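Scroll down for the structure; my scribbles are underneath it.
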Ligand SMILES: Nc1ncnc2c1ncn2[C@@H]1O[C@H](COP(=O)(O)OP(=O)(O)OP(=O)(O)O)[C@@H](O)[C@H]1O
Ligand SMILES: [Mg+2]
């Protein structure tokens with residue numbers, strides 16, 4: 001029996017879809033069998049971030065309304081053997097086309113087949129949110145280090161606790177080490193202190209996210225990307241491994257470079 | 001010394017993250033207290049329970065609310081007293 005994990009946030013645009021795509025890909029690379037569910041009905045996105053937009057035949061609402069069988073709607077990502085599948089969101093329907101009960105049944109069915117079911121949640125606290133969390137065993141709340149995003153994360157954490165979500169963890173995205181250093185961005189401890197919740201990981205701001213989204217290739221496939229490394233670490237934590245937080249700054253600080261220049265590299 | 005250095009380098013105010021933290025703290029006190037309508041009701045019931053041990057109050061008239069001040073948030077309880085009980089225990 002697999003685990004269903006919902007990636008949620010409250011505030012829009014903080015990185016839920018990016019996180020879902022990258023964690024799913026990283027888990028598939030670790031030879032876990034993964035299915036990604038795009039629950040953002042009406043605003044489907046996960047397909048383009050994954051580069052699978054041309055392969056869609058059926059969608060989530062086709063499945064819940066009985067137009068097709070679940071198996072028929074799953075798109076296999078050929079880059080990852082038999083390990084990664086996507087269930088796309090419907091683009092033409094709205095969020096009320098699905099009920100929480102249907103989502104629960106759907107994730108249940110997927111959990112029987114796959115190790116991880118990652119659900120990309122829409123922004124907000126309306127029906128789309130209730131649908132996305134319905135069948136989840138764990139929630140990852142994504143926030144950026146900004147007042148409005150952290151405030152909305154607090155609200156979402158409250159709602160998740162009220163709905164008795166068994167496990168709720170925080171992912172801080174788009175942290176900028178240089179701004180943290182000058183005191184112009186809240187750091188990890190500040191945010192954890194305010195939200196009083198477990199941390200699953202921290203992902204730095206990284207231009208490579210934009211490049212890889214342009215290409216439809218998740219950033220975890222780029223060995224040199226800091227964000228990719230952070231997502232790979234988080235995927236390992238999801239499987240229960242203990243992985244220390246990576247240092248925010250790249251190892252090659254000014255002094256490091258000077259030392260290397262003079263042949264004192266470590 | 002740090003202060004002077006700060007001014008030389010054009011930083012007179014607190015780092016903006018301190019401002020962010022303080023604003024978040026205040027806004028979350030308010031959010032958390034008002035998000036659930038039952039929350040203040042629960043507090044009100046428990047306060048009534050405690051106070052009636054010491055005085056006769058007009059339970060209908062009790063009001064509990066959250067107030068935003070300049071730099072803080074306060075829980076304000078307005079409890080109309082009908083009559084004090086005679087102190088039972090020595091203080
Ligand atoms: N760590 C990062 N570094 C740089 N850019 C990022 C990072 N994370 C996300 N982004 C960018 O932020 C934008 C929003 O990301 P994304 O679509 O994943 O957010 P979302 O929470 O799913 O949004 P929505 O609420 O609209 O569904 C995208 O353009 C993405 O490329
Ligand atoms: Mg999204």
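Protein chains in written order, with the numbering used here: chain V, 1 to 266; chain R, 1 to 91. Positions of the beta carbon are idealized from the N, C-alpha and C atoms, including for glycine. This structure is a prediction, so every number in the text was calculated from the model and none was measured.
| Check | Outcome |
| --- | --- |
| Exposure label - residue 1 of chain R; buried when at least 16 CB within 10 Å | Legend: pLDDT at residue 1 of chain R = 47, less than 50; position of this residue unreliable, value from coordinates given subsequently. Under this definition residue 1 of chain R is an exposed residue. |
| Residue 56 of chain R: first and last residue of the uninterrupted beta strand (DSSP E) it sits in | 55-57 |
| Terminal residues of the beta strand (DSSP E) in which residue 75 of chain R lies | 73-78 |
| Rounded separation between residue 265 of chain V and residue 232 of chain V - CA only | Residue placement at residue 265 of chain V is poorly supported in this model, since its pLDDT is 43, which falls under 50; the coordinates are not used for a value here. |
| Proximity below 7 angstroms, CB of residue 99 of chain V to CB of residue 4 of chain V | no |
| Neighbour flag for residue 23 of chain R against chain V, beta carbons, 7 angstroms | yes |
| When R:59, R:34, R:36 are compared against residue 46 of chain R, the one with the closest alpha-carbon | R:59 |
| Neighbour list for residue 185 of chain V in chain R, Cβ cutoff strictly below 7 angstroms | 17 |
| Closest residue to residue 196 of chain V among R:76, R:30, R:50, R:25 (Cα-Cα distance) | R:25 |
| Minimum length 3: unbroken beta strand (DSSP E) runs contained in the stretch 70-108 of chain V | 84-87 |
| Beta-carbon proximity list for residue 77 of chain V, same chain, < 6 angstroms, skipping 5 on both sides | 84 |
| Helix, strand or coil at residue 198 of chain V [DSSP, three-state] | strand |
| Alpha-carbon spacing of residue 147 of chain V relative to residue 19 of chain R, whole angstroms | 10 angstroms |
| Contacts around residue 84 of chain R, its chain only, beta-carbon distance under 7 angstroms, and the 5 residues preceding and following it disregarded | 55 |
| DSSP-derived helix/strand/coil call for residue 242 of chain V | coil |
| Cα-Cα separation, residue 187 of chain V to residue 54 of chain V | 40 angstroms |
| Exposed unless 16 or more other CB atoms sit within 10 angstroms - verdict on residue 95 of chain V | buried |
| Buried versus exposed call for residue 105 of chain R [16 or more other C-beta atoms within 10 Å across all chains shown] | The question about residue 105 of chain R has no answer here: the residues shown for chain R are numbered 1 through 91. |
| Minimum C-alpha distance to residue 30 of chain V - residue among V:80, V:18, V:70, V:156 | V:80 |
| Chain-ordered chain V contacts of residue 27 of chain R [CB-CB under 7 angstroms] | 151 |
| Inter-stretch contact (C-beta, 8 angstroms, three-pair minimum) for the stretch 164-182 of chain V and the stretch 36-47 of chain V | no |
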